[in-house]
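Chemist:
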Amino acid sequence: MRLIILNKLSLKRLKNTKNIVSSVLAFMFCFLISSCGKEQEIKIDIPDKQTSLVVNSTIVPYNLPIPKYLGVELSSSISIFDTVNQSPIKNASVLLFKNNNFVDTLQYDSINKMYPLGYSNPFEGPLPGDTYEINIVAEGFRPISAKTSIPEKVEIVDFKIVPVGFIDDLGAAWSEIILTFKDPSGEPNFYEIVVGEIDFDPKGYFSLFSYEKFITQEGYYPSPLRIDLKKPYYLLFNDSSFNGEEKTISIYYYPPQFMQYERYVSQHLGNIQLKNVTKEYYLFKTSYLQGLYNQKENILYGMGEPMNVFTNIENGYGVFAGYNDHIVQFAVEETLISTKNPID
Numbered sequence: 001m002r003l004i005i006l007n008k009l010s011l012k013r014l015k016n017t018k019n020i021v022s023s024v025l026a027f028m029f030c031f032l033i034s035s036c037g038k039e040q041e042i043k044i045d046i047p048d049k050q051t052s053l054v055v056n057s058t059i060v061p062y063n064l065p066i067p068k069y070l071g072v073e074l075s076s077s078i079s080i081f082d083t084v085n086q087s088p089i090k091n092a093s094v095l096l097f098k099n100n101n102f103v104d105t106l107q108y109d110s111i112n113k114m115y116p117l118g119y120s121n122p123f124e125g126p127l128p129g130d131t132y133e134i135n136i137v138a139e140g141f142r143p144i145s146a147k148t149s150i151p152e153k154v155e156i157v158d159f160k161i162v163p164v165g166f167i168d169d170l171g172a173a174w175s176e177i178i179l180t181f182k183d184p185s186g187e188p189n190f191y192e193i194v195v196g197e198i199d200f201d202p203k204g205y206f207s208l209f210s211y212e213k214f215i216t217q218e219g220y221y222p223s224p225l226r227i228d229l230k231k232p233y234y235l236l237f238n239d240s241s242f243n244g245e246e247k248t249i250s251i252y253y254y255p256p257q258f259m260q261y262e263r264y265v266s267q268h269l270g271n272i273q274l275k276n277v278t279k280e281y282y283l284f285k286t287s288y289l290q291g292l293y294n295q296k297e298n299i300l301y302g303m304g305e306p307m308n309v310f311t312n313i314e315n316g317y318g319v320f321a322g323y324n325d326h327i328v329q330f331a332v333e334e335t336l337i338s339t340k341n342p343i344d
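Quick note on our numbering: the sequence shown kicks off at 1 and runs consecutively.
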């Protein structure tokens with residue numbers, strides 16, 4: 001009989017508990033609904049920060065078939081709350097030094113919107129081993145300076161193109177590039193690989209990916225879990241795992257292709273650029289790319305953490321960096337894409 005009484009008491013307590021929980025949930029629901037219709041203005045005092053000069057300049061030895069136009073692009077930093085576009089700084093004093101010797105005061109070029117370095121042939125420079133420095137003064141800004149150097153060229157010893165190296169889940173083909181180069185020993189080296197159309201226009205760069213761990217483990221490289229992110233156009237890596245060795249690597253690029261009853265890789269011409277870049281180039285580019293990816297909202301985890309982009313500009317922002325490159329060209333014939341994945 002006592003057992004039955006205890007059960008009744010337990011049921012009564014349980015019923016009371018359910019009533020209390022239901023009341024609390026109903027109150028919270030009403031509170032949330034009512035608060036959604038209210039707007040509350042929160043004032044935040046954000047301290048003013050002095051604007052700084054921003055440099056964008058990469059220098060490379062004169063290289064055919066299309067030499068890079070060398071110069072210093074100069075603008076100013078802006079607040080995250082500003083909606084205006086950056087305008088070039090046209091009236092700055094830009095001093096150029098080579099191997100610690102003064103070279104020239106650079107003059108603004110309104111057509112190319114930069115301060116050109118003035119080199120027009122391979123005998124003038126820049127040359128491997130050269131060091132460069134810029135000192136810049138502009139009214140209303142703190143003076144800035146930066147140094148960089150030109151690394152040695154690392155040549156592509158051999159390469160091979162496999163027109164259909166991989167077929168993705170959508171049935172599209174990715175062409176494989178297998179290339180070999182000799183990494184210089186005795187010092188850390190940093191690389192960037194770009195694959196593009198024959199005219200070297202950055203708008204014609206192909207999307208890239210790789211299974212090489214020394215590439216995929218880089219902080220900027222998109223996680224395979226981030227299906228919302230596009231494949232990168234640049235592959236940057238360092239030689240910490242193969243310093244001084246002859247290295248063969250495999251990468252994939254997305255070639256032009258079309259459908260005509262069946263899917264084909266289009267006939268196309270392209271180029272592979274292997275860049276031996278300075279440490280400041282590598283740190284700036286990888287942190288910049290990682291920052292861009294972090295700004296994109298993740299459908300699972302929301303926004304990524306903001307991060308500071310590396311700069312080698314003293315008292316300013318941006319990058320002044322050298323590199324050297326070896327470029328090889330290739331041709332791919334029209335190729336039928338098999339429905340069977342060749343790497344399976």
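All residues carry an ideal CB built from backbone N, CA and C; glycine is no exception.
Since we're looking at a predicted model, the values are computed, not measured.
#1: Do P116 and N324 have their CB atoms nearer than 8 Å?
#2: By DSSP, does K8 sit in helix, in strand, or in coil?
#3: Taking C-alpha atoms, which residue in M307, Y191, S287 and S175 lies nearest to V265?
#4: Buried or exposed for Y293, please, with buried defined as at least 16 other CB atoms from any protein chain shown within 10 angstroms of its CB.
#5: With a cut-off of 8 Å on the beta carbons, I'd call K182 and D130 a contact; round off their distance for me.
#6: Quick one, are the C-beta atoms of V332 and P255 less than 8 Å apart?
#7: Give the DSSP bridge partners of Y252, in chain order.
#8: Apart from the five residues just before and just after S145, which ones in its own chain have a Cβ nearer than 6 Å to its Cβ?
#9: Can you grab the Cα-Cα spacing for the pair S240 / P188, in whole Å?
#10: Per DSSP, which one or two residues make a beta bridge with N135?
#11: With DSSP as the reference, identify every bridge partner of T58, one or two as the case may be.
#12: For the structure I just gave you, are there three or more beta carbon pairs, one from the region 148–165 and one from the region 104–113, closer than 8 Å?
#13: Start and end of the alpha helix (DSSP H) containing S287?
#14: With three or more C-beta pairs closer than 8 Å as the rule, is the region 54–74 touching the region 154–161?
#15: Evaluate L283 with the Cβ neighbour count: other Cβ atoms within 10 Å of its Cβ, from every protein chain shown; 16 or more gives buried, anything less gives exposed.
#16: I'd like the span of the beta strand (DSSP E) that includes G165, first residue to last.
#17: Under 8 Å Cβ to Cβ from N110, same chain only, skipping five residues before and after it: list those, please.
#18: Distance, Cα to Cα, F214 vs V55?
#19: For E245, count neighbouring C-beta atoms within 10 Å of its own C-beta (all shown protein chains included) and say buried if the count is 16 or more, exposed if not.
#20: Note the first and the last residue of the continuous beta strand (DSSP E) segment covering V72.
#21: Hey, Y252 and F310 are a contact pair by Cβ (cut 8 Å); roughly how many whole angstroms apart?
#22: Tell me, to the nearest whole angstrom, how far the beta carbon of G347 is from that of I59; I am working on the premise that it is less than 8 Å.
#23: Per DSSP, which residues does G118 bridge with? Please list them.
#24: Assign Y221 to one of two classes, buried (16 or more other C-beta atoms within 10 Å of its C-beta) or exposed (fewer than that).
#25: Check T311 in the structure and name its three-state DSSP category.
#26: Could you tell me the distance, in whole angstroms, from the CA atom of S185 to the CA atom of F242?
#27: Which residues does DSSP pair with E262 in a beta bridge?
#28: If you run the structure through DSSP and keep just helix, strand and coil, what is K230?
#29: Count the other C-beta atoms from every protein chain shown that fall within 10 angstroms of the C-beta of S57, then say buried if there are 16 or more, exposed otherwise.
#30: Using a Cβ-Cβ cutoff of less than 6 Å, which residues in the same chain neighbour S93 once the five nearest sequence positions on both sides are dropped?
#31: Using the three-state DSSP reduction, which class does K275 fall into: helix, strand or coil?
#32: Using the Cα positions of P202 and S52, report the straight-line distance between them to the nearest angstrom.
#33: Between I178 and the rest of its own chain, which residues show a CB-CB distance below 6 Å, the 5 nearest in sequence each way excluded?
#34: Ends of the beta strand (DSSP E) at E192?
#35: How many Å lie between I167 and G219 at the Cα?
Modeler: To lay it out plainly:
#1: no
#2: Note that K8 scores a pLDDT of 42, beneath 50, so its modelled location is shaky; the value from the coordinates is reported in the next line. Here K8 sits in helix by DSSP.
#3: S175
#4: buried
#5: Not confirmed; about 22 Å, so no contact.
#6: yes
#7: E176 and F209
#8: N135 and E314
#9: 7 Å
#10: L95 and S145
#11: A321
#12: no
#13: K279 to Q295
#14: no
#15: buried
#16: I156 to I167
#17: According to the sequence as given, residue 110 is Ser; it is not Asn. These residues qualify, in order along the chain: K90.
#18: 30 Å
#19: exposed
#20: G71 to S76
#21: Contact flag wrong, Cβ pair sits at about 28 Å.
#22: Coverage of the chain is limited to positions 1 through 344, which leaves residue 347 absent and any answer about it impossible.
#23: According to DSSP, which records beta bridges pairwise, G118 is partnered with nothing at all.
#24: buried
#25: coil
#26: 9 Å
#27: Q260
#28: coil
#29: buried
#30: V137
#31: strand
#32: 28 Å
#33: K160 and S250
#34: F190 to E197
#35: 26 Å
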